[in-house]
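**Q**
There are 4 protein chains.
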Amino acid sequence: MTTQTPRGDTRARIVDVALELFSEHGYEKTSLREIADRLGVTKAALYYHFRTKEDILAGIVDSMSAPIDEAIAWGREQPYSPEVRDEIVRRFAEGMADRQRLLRFFHENQPTIRELSVGTRFKERMINLTRLMQGPEPTFEDRVRAAVSLMVINVTHFISEAVEEEQCGNEPVDPESRQAVALRVALDVAEQIGKPAQD
Amino acid sequence: MTTQTPRGDTRARIVDVALELFSEHGYEKTSLREIADRLGVTKAALYYHFRTKEDILAGIVDSMSAPIDEAIAWGREQPYSPEVRDEIVRRFAEGMADRQRLLRFFHENQPTIRELSVGTRFKERMINLTRLMQGPEPTFEDRVRAAVSLMVINVTHFISEAVEEEQCGNEPVDPESRQAVALRVALDVAEQIGKPAQD
Amino acid sequence: MTTQTPRGDTRARIVDVALELFSEHGYEKTSLREIADRLGVTKAALYYHFRTKEDILAGIVDSMSAPIDEAIAWGREQPYSPEVRDEIVRRFAEGMADRQRLLRFFHENQPTIRELSVGTRFKERMINLTRLMQGPEPTFEDRVRAAVSLMVINVTHFISEAVEEEQCGNEPVDPESRQAVALRVALDVAEQIGKPAQD
Amino acid sequence: MTTQTPRGDTRARIVDVALELFSEHGYEKTSLREIADRLGVTKAALYYHFRTKEDILAGIVDSMSAPIDEAIAWGREQPYSPEVRDEIVRRFAEGMADRQRLLRFFHENQPTIRELSVGTRFKERMINLTRLMQGPEPTFEDRVRAAVSLMVINVTHFISEAVEEEQCGNEPVDPESRQAVALRVALDVAEQIGKPAQD
DNA sequence: AATGAATGAGGGTTCATTCAT
DNA sequence: TATGAATGAACCCTCATTCAT
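From first to last, the protein sequence lines stand for chains A, B, C and D.
If you count the first sequence from 1, position 198 lands on 198 in this note's numbering, and the numbers rise without skipping.
Just remember that this note's numbering sits 1000 ahead of the position in the second sequence, which is counted from 1.
Just remember that this note's numbering sits 2000 ahead of the position in the third sequence, which is counted from 1.
Just remember that this note's numbering sits 3000 ahead of the position in the fourth sequence, which is counted from 1.
Right under this line is the structure:
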């Protein structure tokens, strides 16, 4: 008597599977047939829920927007200070913690994303975030550091995955300390923002 | 009797144009027709010089190997020290300086590269480099930092491009100081390697 | 308790909208989704009222049959004479006056109609009409003229539309005189029927 | 030893077969697969010769332009007179004589053609022709008659085909007299151009 | 009287690749 | 050292249609 398709939430399942495949094989190399097959439906079924392949991607991205927007909103209400700057990094890191697959996807599919309109929207969000991390009159280096700092959060996650895979007689690393490392490195990068170049 | 195409080195021109297009639109979305068109030859001509599309990519990657291999070779002959570690970062940065397009390509086409055998070879090289940056008994954090440090070099280059694009009435930033910033950030990240976690 | 859709006559509204779209974009290029959308219902709703797409078309055609059948019926009871012939043309023209969209559709979708069984029925009707326009022993030219005459009625309507669109600072032409022109031209063509070829 | 594909003129053969199928089943209902199949090649082969399905159609249409353009060119050099008007009709009729399939296609696929850019070009040509058929200060009726006259040429051809098919114990009609009838009818319609409305 | 979800068939198009010349 | 012609597989997408509710 139980339904075979685990609920009417096909739309959500599509987004799920799509993200999984997109992040694994890339957006271009993932065909709608693969997505449909893995879901046990027809390609045409996807088109009942999404107007276009790009639309599926947009659906994915939207599911990531919330935490970033919240971080931006919070940041806008604070006066600038190094503590606020660090807090933004922290909030960003936290917000992204359970969205690693999406982050990987974003990082590894830039050429696609860049040309796909959804990319512009994401980019703008990131730029806004970085602006809140910079002091009143940021130098070029300040701005680069802000951007790199956030990106380090992203990158570190899957770098540490790779590091773990590499011959590891060691103990498996728990997710929290992985995140802690990411945060530490990101804050390192952010720390020099606003300080005079000591070159 | 003079050659009709500027030089007979069509092969090199193919690699050139291919890299340009691959890095701009991505490997998957770049068709051989586009490459051929921009070169003013036929698709079939490409097949005279390369056996497959993947082969072109291999050609590209090979042209990047040298400086990394040299850095590895150099590093292997030095006993480990923080100075050596920094020097490796420096050499890597320098070697990559005029290969930014390739770096971008590598970064932005991971899903493709991962599945393309040429990726494995590149990854191994990078791992070797990072190993030389780590002390004798690296912690997990040490290893992550080493990897992130190198990746920061890559990432910073095109992050700063983006930062420049963003509205700035300021002076255009010259390539050297761009590289200097990249290096500084990378060294920041590397600096804590080997130090006890002060969390 | 009032009906939610203006009237319960959805069926008629479907035929209406369908004809509008069929005549504008053609039968093949008009999808059931477009029809449904414009009506504010679902595709599936159409299937409550019609068994197939072709059925909708049949519905359309049927709504046009009456005046032609009447003209035929009338013609059959008259003995042939040039006056009767002209009267048939007149009645046909009048009957079609408020069915221009349908005429256009018929004219411009012949390949479809030809293969759709509804086409045969319509064609037969037209042939019957032309027969009544021909004298007792029609020559080939007589028969052609009869057919062309009727077709001129159809064609003229949307030709004159096109002519109006074409740049003319002149007064907009009222429908009646448009019809008058159509009729005049059609009668011109019919006039020579039965006369010896004066070639 | 003879080549199986009857020559390297694939491009021309495509146009040929395409026109045949387009005019028989309509543009929309004719799939590239059908065209390819009948030619004994792959769909992809069509794309070597034409960029698009629409392009095939454009190829077809271009092959019809010449005689019309010539008629226009000739007409432009003559001062207007009823004789010139009739001569234009004659030249048009002659030019179209061996292009009946194309004419049929044009007539029966208006909805498609209208939206296909190639339609605009054709329409302009026809308008130009009709302008040459009108006197200096044409009334609305004059302009309609000019347009109808030309269209009668087109229509008559396949009307008379239909008339022949219809039960014909009679002798088969030879093409020349068919054309003669068409011309006669068209000239009938044109004759009243410029005369005061005798309504 | 109508909908939501899905399907199967087919559409036009693009691609990497081949091969005789 | 290249090209012209072609292919086979796959792609994204659309459509008419169905059926349980």
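Quick reminder that beta carbons are idealized off the backbone N, C-alpha and C, glycines included.
Given the structure is predicted, the values throughout are model-derived calculations rather than measurements.
For residue 1033 of chain B, collect the residues of the same chain with a Cβ closer than 8 angstroms to its Cβ; drop the 5 residues on either side in sequence, then sort them by chain order.
**A** Taken in chain order, the residues that qualify are 1043.
**Q** What in chain D is Cβ-close to residue 2151 of chain C, meaning under 8 angstroms?
**A** Per Cβ cutoff of 8 angstroms: 3155 and 3159.
**Q** Does the beta carbon of residue 3118 of chain D come closer than 9 angstroms to any beta carbon on chain C?
**A** By this cut-off, residue 3118 of chain D is not an interface position.
**Q** Residue 3073 of chain D and residue 2163 of chain C: beta carbons closer than 9 angstroms?
**A** No; because the gap between Cβ atoms is not below 9 angstroms, this pair is not in contact.
**Q** Any Cβ of chain C within less than 9 angstroms of the Cβ of residue 3052 of chain D?
**A** With 9 angstroms as the cut-off, residue 3052 of chain D does not count as an interface residue toward chain C.
**Q** When the distance is taken between beta carbons, is residue 152 of chain A closer than 9 angstroms to residue 186 of chain A?
**A** Their beta carbons are under 9 angstroms apart, which means residue 186 of chain A touches residue 152 of chain A by this criterion.
**Q** Going straight from the alpha carbon of residue 2002 of chain C to that of residue 2009 of chain C, what length do you get?
**A** Because the pLDDT of residue 2002 of chain C is 42, which lies under 50, any placement of that residue in the model is unreliable, and the number read from its coordinates should be weighed accordingly. So the two alpha carbons sit approximately 14 angstroms from each other.
**Q** Give a yes or no on whether 9 angstroms exceeds the smallest Cβ distance from residue 2016 of chain C to chain D.
**A** No, its Cβ sits nowhere closer than 9 angstroms to a Cβ of chain D.
**Q** Evaluate residue 1194 of chain B with the Cβ neighbour count: other Cβ atoms within 10 Å of its Cβ, from every protein chain shown; 16 or more gives buried, anything less gives exposed.
**A** Residue 1194 of chain B is buried by the Cβ-count criterion.
**Q** Here's a check: name, in chain order, each residue in its chain whose Cβ is nearer than 7 angstroms to the Cβ of residue 3085 of chain D, leaving out the five neighbours to either side.
**A** If we look at residue 3085 of chain D and ignore the five residues flanking it on each side, its Cβ neighbours are 3133, 3190 and 3193.
**Q** In whole angstroms, what separates the C-alpha of residue 3037 of chain D from that of residue 1129 of chain B?
**A** Using only the alpha carbons, I get a separation of about 58 angstroms.
**Q** If you draw a straight line from the C-alpha of residue 41 of chain A to the C-alpha of residue 113 of chain A, how long is it?
**A** Taking the straight line from one Cα to the other gives about 27 angstroms.
**Q** If we require 3 or more residues per run, which beta strand (DSSP E) segments fall completely within the stretch 2119-2195 of chain C?
**A** Segments of the beta strand (DSSP E) lying fully in the stretch 2119-2195 of chain C: there are none.
**Q** Are residue 2122 of chain C and residue 2061 of chain C closer than 9 angstroms when you measure CB to CB?
**A** For residue 2122 of chain C and residue 2061 of chain C, yes; Cβs fall inside 9 angstroms.
**Q** Just the Cα atoms here: how many angstroms apart are residue 80 of chain A and residue 142 of chain A?
**A** Cα to Cα, residue 80 of chain A sits roughly 14 angstroms from residue 142 of chain A.
**Q** Select from the stretch 178-197 of chain A all residues with a C-beta closer than 9 angstroms to any C-beta belonging to chain B, and list them in chain order.
**A** So the close ones are 178, 180, 181, 182, 184, 185, 188, 189, 191, 192 and 197.
**Q** May I have the straight-line CA-CA distance separating residue 3054 of chain D from residue 3118 of chain D, to the nearest angstrom?
**A** Each residue's alpha carbon lies about 9 angstroms from the other.
**Q** Classify residue 1059 of chain B as helix, strand or coil using the three-state DSSP reduction.
**A** Here residue 1059 of chain B sits in helix by DSSP.
**Q** With DSSP as the reference, label residue 2029 of chain C as helix, strand or coil.
**A** Three-state DSSP puts residue 2029 of chain C in coil, outside helix and strand.
**Q** With a threshold of 6 angstroms on Cβ separation, who are the neighbours of residue 67 of chain A within its own chain once the five nearest residues in sequence on each side are excluded?
**A** For residue 67 of chain A, where only same-chain residues beyond five positions count, the Cβ hits under 6 angstroms are 95.
**Q** The alpha helix (DSSP H) with residue 2086 of chain C in it runs from where to where?
**A** Counting along the chain, the alpha helix (DSSP H) containing residue 2086 of chain C begins and ends at 2082-2097.
**Q** Is there a Cβ of chain B sitting closer than 9 angstroms to that of residue 78 of chain A, yes or no?
**A** No, its Cβ sits nowhere closer than 9 angstroms to a Cβ of chain B.
**Q** May I have the straight-line CA-CA distance separating residue 3090 of chain D from residue 3183 of chain D, to the nearest angstrom?
**A** Distance between the alpha carbons of residue 3090 of chain D and residue 3183 of chain D is about 7 angstroms.
**Q** Secondary structure at residue 3003 of chain D, three-state DSSP: helix, strand or coil?
**A** Here residue 3003 of chain D scores only 41 on pLDDT, less than 50, and its place in the model is too uncertain to base an answer on.
**Q** Would DSSP call residue 3040 of chain D helix, strand or coil?
**A** Of the three classes helix, strand and coil, the one that applies to residue 3040 of chain D here is coil, per DSSP.
**Q** Given residue 2015 of chain C, which residues of its chain have a CB within under 8 angstroms of its CB, disregarding the five upstream and five downstream residues?
**A** The answer, listed in chain order, is 2056, 2059, 2060 and 2063.
**Q** Assuming residue 1029 of chain B and residue 111 of chain A are in contact, meaning their beta carbons sit under 8 angstroms apart, how far apart are those beta carbons, in whole angstroms?
**A** Contact flag correct, Cβ pair sits at about 7 angstroms.
**Q** Does residue 92 of chain A get closer than 9 angstroms to chain B when you measure Cβ to Cβ?
**A** For residue 92 of chain A, the answer is no, since every Cβ of chain B falls outside 9 angstroms of its Cβ.
**Q** What would DSSP say about residue 3076 of chain D, mapped onto helix, strand or coil?
**A** Looking at residue 3076 of chain D - three-state DSSP - the assignment turns out to be helix.
**Q** Nearest by alpha-carbon distance to residue 1011 of chain B: which of B/1018, B/1021 and B/1049 is it?
**A** Residue B/1049 is the option with its Cα nearest to residue 1011 of chain B.
**Q** Residue 1112 of chain B CB to nearest chain A CB: under 9 angstroms?
**A** Taking Cβ atoms only, chain A reaches closer than 9 angstroms to residue 1112 of chain B, which makes this a yes.
**Q** Taking the alpha helix (DSSP H) that residue 3108 of chain D belongs to, which residues open and close that run?
**A** Run containing residue 3108 of chain D: 3100-3108, per the alpha helix (DSSP H) assignment.
**Q** Cβ closer than 9 angstroms: which chain A residues qualify as neighbours of residue 1109 of chain B?
**A** Under the 9 angstroms cutoff, chain A gives 26, 108, 109, 110 and 111.
**Q** Could one say the Cβ of residue 123 of chain A lies closer than 9 angstroms to chain B's Cβ atoms, at least one of them?
**A** It does: the Cβ of residue 123 of chain A has a partner Cβ on chain B nearer than 9 angstroms.
**Q** Between C/2105, C/2082, C/2051 and C/2071, which lies nearest to residue 2020 of chain C when the distance is taken from Cα to Cα?
**A** Nearest C-alpha to residue 2020 of chain C: C/2105.
**Q** Can you find a heavy atom of the ligand ATP that lies under 8 angstroms from the Cβ of residue 177 of chain A?
**A** As for the ligand ATP, it is missing from this structure, which has no ligand bound.
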